[in-house]
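**Student:**
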Amino acid sequence: MSPQQNLILVTGATGKQGGATARRLLADGRAVRALVRDAQAPAARELAAAGAELIVGDFDSPDTLSTALAGATGLFVVPPAAFGPQGWNVELEAARGEALVHAARQAGVEQIVFTGIASMGENTSWGANGKKRIEDAIAASGARYTLLHPVRFMENYLLRSLPLDGIIDGVHRHLFPTDQPMKVIALADIGDIAALAFADPEGFDGRVLELAGDAITPPAAVAAISKATGHEVRYHEISEADADALGEEIGNTWRLLRHTGGWIADVEQIREIHPGLRTFDTWLAETGATQIKALLDSDEVSTSR
525 MSPQQNLILV TGATGKQGGA TARRLLADGR AVRALVRDAQ APAARELAAA GAELIVGDFD
585 SPDTLSTALA GATGLFVVPP AAFGPQGWNV ELEAARGEAL VHAARQAGVE QIVFTGIASM
645 GENTSWGANG KKRIEDAIAA SGARYTLLHP VRFMENYLLR SLPLDGIIDG VHRHLFPTDQ
705 PMKVIALADI GDIAALAFAD PEGFDGRVLE LAGDAITPPA AVAAISKATG HEVRYHEISE
765 ADADALGEEI GNTWRLLRHT GGWIADVEQI REIHPGLRTF DTWLAETGAT QIKALLDSDE
825 VSTSR
């Protein structure tokens, strides 16, 4: 199959970053092939309805990757993370990513956009090491490439099942220092910036972009949520001991936040690239407040029964 100049394979297409990128590319008129595990999953069917070509594949099945990449000239990569009871499986994540990069070059892919994890000035933050190996493979591949390093997602306030993040019983628990600005970014902006890179392969070639859309202290963030939703939400900064109890990597990240001052992303630098970059208030007004309010309303109904 000969390459199609307009075709981009998106991995993680039914997830957060891949989904945001696929939707942005489709809105821009780009041809999108979405790598999915289950073509009948609701998120996959929504992408198909929006115009994406679905192809079933798995990072652990190399033959399916070769088929998925055939004819594509662009590749958007969400880290093929492996996370279990013992934490990140760095070796498996890196091996999956390296195999995907190799398959992409074998298939003639000319441009790779990879989304990893934001930098704190050291390469020991949560989940960074496997992603660094994938980035090294991309840089050495000979393809044009752009590396995106997003900070914490604004959408993380919608999480419900983790020991940190989200809003449970009116409390947002996290690692972030109460008095230190916390950098955040909307998922839609990650998709927007990835689309900009695909639209200008030469201009974005070799660039490493630390992505943030706003910097706001955790108490200010929950105050904004409280005002926008009508539900009182407060912030709880967990202790170092509590962070360590959740796992070595979480404890290390707790210390890194305080040692480094947090992520190095420069909001205004990213705004120059993407003038429509969303602030936290913008995100709340667009979609965030409605989604958070629905969850908190549901919590109230459940507790009143």
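If you use our numbering, the sequence shown corresponds to residues 525 to 829, in order.
Cβ atoms here follow ideal geometry from the backbone N, Cα and C, with glycine treated the same way.
#1: Might you give, ordered along the chain, the residues of its own chain that have their beta carbon closer than 7 Å to the beta carbon of A546, omitting 5 neighbours on each side?
#2: Does the beta-carbon of G553 have 16 or more other beta-carbons within 10 angstroms, so that it is buried, or is it exposed?
#3: Quick test of your reading: I691 and V757, contact by CB under 8 Å. State the CB separation rounded to the nearest angstrom.
#4: Where does Q704 sit, in a helix, a strand or coil, going by DSSP?
#5: Let me check one thing: in DSSP terms, what residues is P674 bridge-paired to?
#6: So, does the CB of G632 fall closer than 8 Å to a CB anywhere in chain D?
#7: Please list, in chain order, all residues of the same chain as E778 whose beta carbon is under 7 Å from its beta carbon, the five residues on each side excluded.
#8: Looking only at its chain, what residues have a beta carbon closer than 6 Å to the beta carbon of D729, apart from the 5 residues adjacent to it on each side?
#9: With 16 as the cutoff for other CB atoms within 10 Å, does T814 come out buried or exposed?
#10: Should T639 be counted as a contact of the ligand ATP given a C-beta to heavy atom distance under 7 Å?
#11: Just grab the DSSP bridge partners of F583 for me.
#12: Which residue's Cα is closest to the Cα of W787: L808, L733, A752, A769?
#13: Am I right that H626 and L720 are in contact with their C-beta atoms under 8 Å? What's the rounded C-beta distance?
#14: Can you give me the C-alpha to C-alpha distance between V580 and T811, rounded to a whole angstrom?
#15: Mind checking which residues open and close the beta strand (DSSP E) that includes H783?
**Tutor:** Taking the coordinates as given:
#1: To locate residue 546, count along the sequence shown from 1; it is residue 22. Excluding sequence neighbours, A546 sits near V534, A537, V556, A558, L571, A576.
#2: The count along the sequence shown starts at 1 and reaches residue 553 at position 29. The residue is exposed, with fewer than 16 neighbouring Cβ atoms inside 10 Å.
#3: Within the sequence shown, the letter at position 167 stands for residue 691. Within the sequence shown, the letter at position 233 stands for residue 757. The Cβ separation is near 6 Å, so the contact holds.
#4: As a first step, residue 704 must be located in the sequence shown, where it is residue number 180. Coil, per DSSP.
#5: Here residue 674 is taken as the residue at index 150 of the sequence shown, counted from 1. Answer is L735.
#6: The structure shown contains no chain D; it is built from a single protein chain.
#7: Here residue 778 refers to the residue found at position 254 when the sequence shown is read from its first residue. With the sequence shown as reference, residue 778 is identified as Trp, and Glu is not the correct amino acid for it. So the qualifying residues of the chain are L699, E764, A767.
#8: Translated into the one-based positions of the sequence shown, residue 729 becomes position 205. R668.
#9: Here the question's residue 814 lines up with position 290 in the sequence shown. By the neighbour-count rule (16 or more Cβ atoms within 10 Å), T814 is not buried but exposed.
#10: Of the ligands one can find in the structure shown there are none, so the ligand ATP has no counterpart to examine.
#11: Within the sequence shown, numbered from 1, the residue matching residue 583 stands at position 59. Assignment of beta-bridge partners to F583 by DSSP yields no partner.
#12: Here residue 787 refers to the residue found at position 263 when the sequence shown is read from its first residue. Among L808, L733, A752, A769, the Cα nearest to that of W787 is on L733.
#13: Sequence index remark: in the sequence shown, residue 626 carries index 102 (1-based). Sequence index remark: in the sequence shown, residue 720 carries index 196 (1-based). With 8 Å as the limit, H626 and L720 do not qualify as a contact, their Cβ atoms being about 27 Å apart.
#14: As a position in the sequence shown, residue 580 is number 56, starting the count at 1. As a position in the sequence shown, residue 811 is number 287, starting the count at 1. Taking the straight line joining both Cα atoms gives about 30 Å.
#15: By 1-based counting over the sequence shown, the position of residue 783 is 259. Taken as a continuous stretch (DSSP letters only), H783 belongs to no beta strand (DSSP E), being part of the alpha helix (DSSP H) at 772 to 784.
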